[in-house]
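Per numbering that gives the first Met the number 0, the sequence shown starts with residue 0, numbered consecutively.
Every residue, glycine too, gets a C-beta built ideally from N, C-alpha and C.
To start, the structure under review is shown below, and the notes come after it.
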Amino acid sequence: MLSVCSSMFIVTDVAEANTVVITEAVQVVDGGAASDQQSAVGSDSEGNVHLVWTRNGQHLWYSMLSPRGETMIDATQISNSGLHKIAHPDLVVDEDDTVHVVWADRAGQHSIMYSALQPFKAPRDGQATTDGAISSIDDTIISKRSQNRDWPAIDVDSQGALHVVWQDSYDPLDKFFAQPQIYYSMIEPDVTTGGTLTLFDDTLLTPIIGHKGHPDVVVDANDYVQIAWDDTRGGKVELVFVVDTSGSMYSEWADVCTVIYGGNFASGGYFRGIKPLLADANMSVYETIYGLGNTLPSVAQSGNCAAYYKGGQGPRNTALGTTDSDNSGGLRVLPETIYNGNT
């Protein structure tokens, strides 16, 4: 699928024996001055091709092509009227040739949306139809809560149930520090009544700190739901802190060590620490805390800082991480510096 100059194209192919012949690109729609992008594609039991895409990031559009690339239903808006910020649609066609579509609506409170289309209700004469003519299940909210969500993906199992995944920053307990996680929902559509039955509501799949994103889902022949996503687990992070060593910076030094290594804050309250939290997520943290000048305050040698105090040493001559155990620069001095106009 290629979008160039606001036009949508699709490449069709014909397979015979051991030869695959790829045709020229077929223009699906000429959006003119509109910006048509973020397309998704699927095919039905007769080989017809179904496409959805966003137009100007405001609405969702649909078109249907024959296996030969002929337009059966021209570009038709399928999102309801109103103000929307639509992004990243996905679709799947079930064994009854119903087209199930999900997308993110990022207007106001971000939503994961769903709709079901039955395009065979339309004449399929190469003309545009209407949303009302082909929508069996109107725009339905799958998830809408505080914070942001995006990048939905969908597939269908042998019983006609739908499996939806997306990335979501919903974090009521603030355990993941606003980093998106992967959520899952399972719904049963009813095109007769135009409704859906939620079998599994919003379910967190990745309860561990770190950035997760861009999931995809497929249901195999045994109805096992296979999900893939981006994940920062196994990554490496380097953190460098430069801290004032003047007399007023006493409890602040203790709190810096608490934030990084864990422990109790000077004002009370416990925090696990960035380094151990990320270690739980299989992420390596290489940190160094520098004090301005040739000395460190006594608090930097006690409490949560004590195990990482380097005896007044300056910057290292070698990089961290050359061996697995060499993963901390600790607390060091940073001489020959200028701060607030003073050396």
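Please check the pair Glu-168 and Pro-179, which I expect to be a contact at CB under 8 Å, by giving their CB distance rounded to whole angstroms.
With the sequence shown as reference, residue 168 is identified as Ser, and Glu is not the correct amino acid for it. With 8 Å as the limit, Ser-168 and Pro-179 qualify as a contact, their Cβ atoms being about 5 Å apart.
Residues in the same chain with beta-carbon distance under 6 Å from Trp-60, minus the five sequence neighbours each way, listed in chain order, please.
Correct list, in chain order: Trp-52, Arg-54, Ala-74 and Gln-76.
Spell out whether any CB of chain B is found under 8 Å from the CB atom of Gly-267.
Structure shown: chain B not included; a single protein chain is present.
So, with DSSP's three-state summary, where would you put Phe-176?
Coil at Phe-176, not helix or strand.
Cutting at 8 Å between CB atoms, please list the residues of its own chain near Cys-4, excluding the five before and the five after it.
Caution applies to Cys-4, whose pLDDT of 46 falls short of 50 and renders its modelled position unreliable; the value that the coordinates give is listed next. Closer than 8 Å at the Cβ level, and outside the excluded window around Cys-4, lies no residue.
Using the three-state DSSP reduction, which class does Asp-243 fall into: helix, strand or coil?
Residue state, collapsed to three classes: coil.
According to DSSP, is Ala-39 helix, strand or coil?
Note: Ala-39 maps to strand in three-state DSSP.
In the structure shown, what three-state DSSP assignment does Asp-149 receive?
Note: Asp-149 maps to strand in three-state DSSP.
Can you tell me the Cα-Cα spacing of Ser-42 and Gly-212, whole angstroms?
Taking the straight line from one Cα to the other gives about 26 Å.
Is DSSP giving Phe-270 helix, strand or coil here?
In the structure shown, Phe-270 sits in a strand (DSSP, three-state: E or B).
Express the C-alpha separation of Ser-266 and Pro-314 in angstroms, rounding to a whole number.
Cα to Cα, the separation comes out at about 31 Å.
So what's Gln-225 in DSSP terms, helix, strand or just coil?
Here Gln-225 sits in strand by DSSP.
Identify every residue that forms a DSSP beta bridge with Arg-54.
Its beta-bridge partners are Asp-35 and His-58.
Would you kindly report the start and end of the unbroken beta strand (DSSP E) that includes Gly-290?
That run of the beta strand (DSSP E) goes 283-291.
Are the beta-carbon atoms belonging to Val-163 and Ile-141 less than 8 Å from one another?
In this structure, Ile-141 lies closer than 8 Å to Val-163 by Cβ.
Verify whether the separation of the beta carbon atoms of Tyr-289 and Val-241 is less than 8 Å.
Against a cut-off of 8 Å, the Cβ pair of Val-241 and Tyr-289 comes out as a contact.
Give me whichever residues DSSP pairs with Ser-157 in a beta bridge.
Answer is none; Ser-157 lacks a bridge partner.
Using 8 Å as the threshold, is the C-beta distance between Val-298 and Val-218 below it?
For Val-298 and Val-218, no; Cβs fall outside 8 Å.
From Phe-264 to Ala-253, what distance separates their C-alpha atoms?
Going from the Cα of Phe-264 to the Cα of Ala-253 covers about 7 Å.
According to DSSP, simplified to helix, strand and coil, what is Ala-103?
Strand, per DSSP.
Between Thr-244 and Gly-209, is the Cβ-Cβ spacing less than 8 Å?
No, the Cβ-Cβ distance between Thr-244 and Gly-209 is not below 8 Å.
Using alpha carbons as the reference points, say which of Asn-303, Leu-277 and Gly-310 lies closest to Asn-293.
Of Asn-303, Leu-277 and Gly-310, the residue nearest in Cα terms is Gly-310.
Write down every uninterrupted run of the beta strand (DSSP E) in the segment 298-338 whose length is 3 residues or greater and which is fully enclosed by it, in chain order.
Correct list: 327-333.
Might you give, ordered along the chain, the residues of its own chain that have their beta carbon closer than 6 Å to the beta carbon of Val-284, omitting 5 neighbours on each side?
So the qualifying residues of the chain are Val-236, Lys-274 and Leu-277.
On the DSSP bridge assignment, give the partners of His-49 in chain order.
Looking at the DSSP assignment, His-49 forms a beta bridge with Gly-41 and Met-63.
Apart from the five residues on each side of it in sequence, which residues of its chain come closer than 6 Å, Cβ to Cβ, to Ser-44?
Excluding positions up to five away in sequence, the list reads Asp-96.
Mind checking Asp-29: buried by the 16 CB within 10 Å criterion, or exposed?
The residue in question, Asp-29, is exposed, as its Cβ has fewer than 16 Cβ neighbours within 10 Å.
Based on DSSP bridge pairs, tell me the residues matched to Phe-199.
DSSP, once it has assigned bridges, lists Met-185 as partnering Phe-199.
Tell me whether Ile-111 sits in a helix, a strand or coil according to DSSP, three-state version.
Of the three classes helix, strand and coil, the one that applies to Ile-111 here is strand, per DSSP.
Apart from the five residues on each side of it in sequence, which residues of its chain come closer than 7 Å, Cβ to Cβ, to Asp-229?
Closer than 7 Å at Cβ, skipping near neighbours: Lys-211, Gly-212 and His-213.
Using C-beta distances below 6 Å, list every residue in its chain close to Gly-320, excluding the 5 sequence neighbours before and after it, in chain order.
Result list for Gly-320: Tyr-285, in chain order.
Have a look at Thr-195, Tyr-182 and Asp-200 and flag the residue whose alpha-carbon is nearest the alpha-carbon of Asp-215.
Ranking Thr-195, Tyr-182 and Asp-200 by Cα distance to Asp-215 puts Tyr-182 first.
Considering only residues of the same chain and omitting the five flanking positions on each side of Gln-158, which have a CB-CB separation below 7 Å?
Counting only Cβ-Cβ distances below 7 Å, and skipping sequence neighbours, we find nothing.
Please name the residue, chosen from Ala-160, Val-25, His-58 and Gly-46, that lies closest to Ser-34 on a Cα-to-Cα basis.
Closest by alpha carbon: His-58.
If we ignore side chains and look at the alpha-carbon of each, how far apart do Thr-287 and Asp-104 end up?
Using only the alpha carbons, I get a separation of about 42 Å.
Ordered along the chain, which non-local residues of its own chain (more than five positions away) have a Cβ less than 8 Å from that of Glu-279?
The sequence given here has Asp at residue 279, not Glu. The residues are Ile-207 and Ile-208.
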